[in-house]
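Residue numbers (this note's numbering): 848 to 1410.
Ideal Cβ placement from N, Cα and C applies to all residues, glycine included.
No experiment lies behind these values; they were computed from the predicted model shown.
These notes are about the structure you will find just below.
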Ligand code: FES
């Protein structure tokens, strides 16, 4: 409800006792017990979504950030109220945080709606927290600004710079191949995550932070300052001040999350060589915002935007390099000819106004390139279609091996992530480097869509020096991972998608140039197999049952169908 008669501040969303005046009286009485008086409560009320958790190392310094945001709110004449929501840490949540992204989005949306606030600062960071918060913001449509916890700083091991978690995967692969000792891998374990903060490569957290800034829902320059920096805290203070401004002018998420903003986000995603997970998240956020966005949009943009940012896993640098090269403002300036400059930002400026006086990327750095001197070609992310994925699949071409971009090989099928764990290293399977490893029952309905798609190279092949193979699944892959990995095959196998029909030895063909992934089996044989398809058993209670029953396919964003 909006308009002049809508209660504001602490009188918003009163608890229902059948007497609004009494409800307000009660509210002020209870808040008096916490030290709030009329001078506090007559100001704009600014909610702060606090996703601190001892389980979430990526949000480790969030309490300090909340304090900084509160200071900004107070300076600007508002009254801050921090409140907790679900916190999701990628590595400490089983079986996968993706299963809980929509739950976090519901939690955040409902708490924004249920509690009195004129604007909200959403403080996230680790992979699913920011998409969940943007989904919530788009649905609640209360003035909202995003702040991220910021990336970790890089560390060193034996003179080599390293970070989470592209290097985790690289070193683990070397350990599996027998090239590192147990002592080596232990020392690395202690060095990979040098500070608090999100993974400092262009993984999902970094990608979503950059895309949020690109879409204008974050103050300029907010995506890349490391968590441990003073700049991160100054950004928090500024965001607190901005929250009071957007409360006063009622600048709402859907004023900002337009189709222009999403197309700008797609442009930035390609220039970053960003995470494949951003595809499913942007689709979900756009759907919540009522903006038409489809997989085909990603492919159209991908074909015209080159890779500009030199960060792992597509490049060799880290987020702090991107930050010291100028961060997102500099990247947006480099992309200016390809952006829709009419898009509105949280400050009330259009992108055109904001970029007008921005200098281009400096020649003193090499992390953020220009359109006439890109790091890589167009097509960093590609959308595939074909008989194995009629509704689409995704591949991070920028992190794939050139010699595998056109490949035909026999399938070796794993029925689930657990099956792969149990059997993949068994030499009796006779897997060769030409095989295409198929993983199924790992889509949204089948397993909540874990990041299981980048199956490890079988140990005995890794020891022979095999570093990459074609892998195909309905799962996702960590944004920090690399390899020739086809993901998000839709429809997924658990609902009878073509992946469910593949048998060991079937020929699979990947043709990246043609944007195709095909199962080379006669339709008559596939029809026969379809008749014998038996769906897997699904969860019978609680959130997991609701999720399996109501989740949309990945090519529509994997949100719940009623949200
Ligand atoms: Fe949180 Fe990587 S585990 S961002």
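By Cβ distance below 6 Å, which residues in the same chain neighbour residue i in space, the five residues on each side in sequence not counted?
{"i": "residue 1074", "result": "908, 996, 997, 1043 and 1044"}
{"i": "residue 1183", "result": "1202"}
{"i": "residue 1068", "result": "1174 and 1176"}
Relative to the C-alpha of residue i, which candidate in the options has its C-alpha closest?
{"i": "residue 1091", "options": "1118, 1145, 989 and 1129", "result": "989"}
{"i": "residue 925", "options": "1291, 1024, 968 and 1244", "result": "968"}
{"i": "residue 1103", "options": "1379, 1198 and 1410", "result": "1198"}
{"i": "residue 1254", "options": "905, 1357, 856 and 1071", "result": "1357"}
{"i": "residue 931", "options": "955, 916, 920 and 919", "result": "955"}
{"i": "residue 1370", "options": "1334, 1348 and 977", "result": "1348"}
{"i": "residue 1303", "options": "917, 1015 and 904", "result": "1015"}
{"i": "residue 1278", "options": "1305, 1398, 1299 and 1294", "result": "1305"}
{"i": "residue 1250", "options": "1200, 1313 and 1223", "result": "1313"}
{"i": "residue 1218", "options": "1119, 1252 and 1098", "result": "1119"}
{"i": "residue 888", "options": "897, 876 and 1216", "result": "876"}
{"i": "residue 1108", "options": "910, 1185, 1233 and 894", "result": "1185"}
{"i": "residue 1315", "options": "1334, 1384, 1282 and 1375", "result": "1282"}
{"i": "residue 881", "options": "928, 864, 1077 and 910", "result": "928"}
{"i": "residue 1317", "options": "1291, 1280, 1311 and 1307", "result": "1280"}
{"i": "residue 1270", "options": "1389, 1307 and 1004", "result": "1307"}
{"i": "residue 1004", "options": "1366, 886, 1041 and 977", "result": "1041"}
{"i": "residue 903", "options": "878, 918, 933 and 879", "result": "933"}
{"i": "residue 1060", "options": "1033, 1238, 977 and 867", "result": "977"}
Within the same chain, show all residues whose beta-carbon is closer than 7 Å to that of residue i, passing over the 5 residues directly before and after it, in chain order.
{"i": "residue 1336", "result": "1235, 1236, 1240, 1319, 1320, 1321, 1344 and 1346"}
{"i": "residue 850", "result": "The predicted position of residue 850 is uncertain, since its pLDDT is 46 and thus under 50; no value can be drawn from it."}
{"i": "residue 944", "result": "935, 937, 974 and 975"}
{"i": "residue 1309", "result": "1020, 1023 and 1024"}
{"i": "residue 983", "result": "952, 955, 956 and 959"}
{"i": "residue 1150", "result": "1225 and 1226"}
{"i": "residue 1276", "result": "1259 and 1270"}
{"i": "residue 897", "result": "909, 913, 929, 930, 931 and 970"}
{"i": "residue 1001", "result": "1008, 1009, 1010, 1041, 1047, 1165 and 1167"}
{"i": "residue 1388", "result": "none"}
With a cut-off of 8 Å on the beta carbons, I'd call residue i and residue j a contact; round off their distance for me.
{"i": "residue 981", "j": "residue 1132", "result": "5 Å"}
{"i": "residue 1064", "j": "residue 992", "result": "7 Å"}
{"i": "residue 1202", "j": "residue 1188", "result": "7 Å"}
{"i": "residue 1153", "j": "residue 1221", "result": "4 Å"}
{"i": "residue 1223", "j": "residue 1161", "result": "7 Å"}
{"i": "residue 972", "j": "residue 906", "result": "5 Å"}
{"i": "residue 1382", "j": "residue 1341", "result": "6 Å"}
{"i": "residue 942", "j": "residue 1295", "result": "6 Å"}
{"i": "residue 1377", "j": "residue 1386", "result": "Actually they do not touch by this definition, with Cβ atoms about 25 Å apart."}
{"i": "residue 910", "j": "residue 899", "result": "6 Å"}
{"i": "residue 1400", "j": "residue 1291", "result": "7 Å"}
Could you name the residues of the same chain whose beta carbon sits closer than 8 Å to that of residue i, not counting the 5 residues immediately before and after it, in chain order?
{"i": "residue 1352", "result": "1257 and 1258"}
{"i": "residue 788", "result": "Missing from the structure shown is residue 788; the chain here goes from 848 to 1410 and no further."}
{"i": "residue 1372", "result": "none"}
{"i": "residue 891", "result": "855, 856, 924, 925, 926, 965, 966, 1091, 1094 and 1095"}
{"i": "residue 853", "result": "859"}
{"i": "residue 1076", "result": "997"}
Just to confirm, is the Cβ distance from residue i to residue j under 8 Å?
{"i": "residue 1146", "j": "residue 1323", "result": "no"}
{"i": "residue 970", "j": "residue 1011", "result": "no"}
{"i": "residue 1213", "j": "residue 1157", "result": "yes"}
{"i": "residue 1193", "j": "residue 1066", "result": "yes"}
{"i": "residue 827", "j": "residue 952", "result": "Missing from the structure shown is residue 827; the chain here goes from 848 to 1410 and no further."}
{"i": "residue 1112", "j": "residue 1166", "result": "no"}
{"i": "residue 1412", "j": "residue 859", "result": "This structure does not reach residue 1412, given that the chain is present from 848 up to 1410, and the question cannot be answered."}
{"i": "residue 1301", "j": "residue 1268", "result": "no"}
{"i": "residue 1339", "j": "residue 1293", "result": "yes"}
{"i": "residue 1047", "j": "residue 1117", "result": "no"}
{"i": "residue 1246", "j": "residue 1088", "result": "no"}
{"i": "residue 1122", "j": "residue 1050", "result": "yes"}
{"i": "residue 916", "j": "residue 1083", "result": "yes"}
{"i": "residue 1327", "j": "residue 1169", "result": "no"}
{"i": "residue 1244", "j": "residue 1359", "result": "yes"}
{"i": "residue 1155", "j": "residue 1172", "result": "no"}
{"i": "residue 1397", "j": "residue 1384", "result": "no"}
{"i": "residue 893", "j": "residue 920", "result": "yes"}
{"i": "residue 1159", "j": "residue 1013", "result": "yes"}
{"i": "residue 1055", "j": "residue 1128", "result": "yes"}
{"i": "residue 1105", "j": "residue 1190", "result": "yes"}
{"i": "residue 1086", "j": "residue 994", "result": "yes"}
{"i": "residue 1394", "j": "residue 946", "result": "yes"}
I'd like to know if the segment 1259 to 1278 and the segment 1286 to 1302 are in contact, where contact means that at least 3 CB-CB pairs between them fall below 8 Å. Judged by Cβ distances under 8 Å, the segment 1259 to 1278 makes contact with the segment 1286 to 1302, as three or more pairs qualify.
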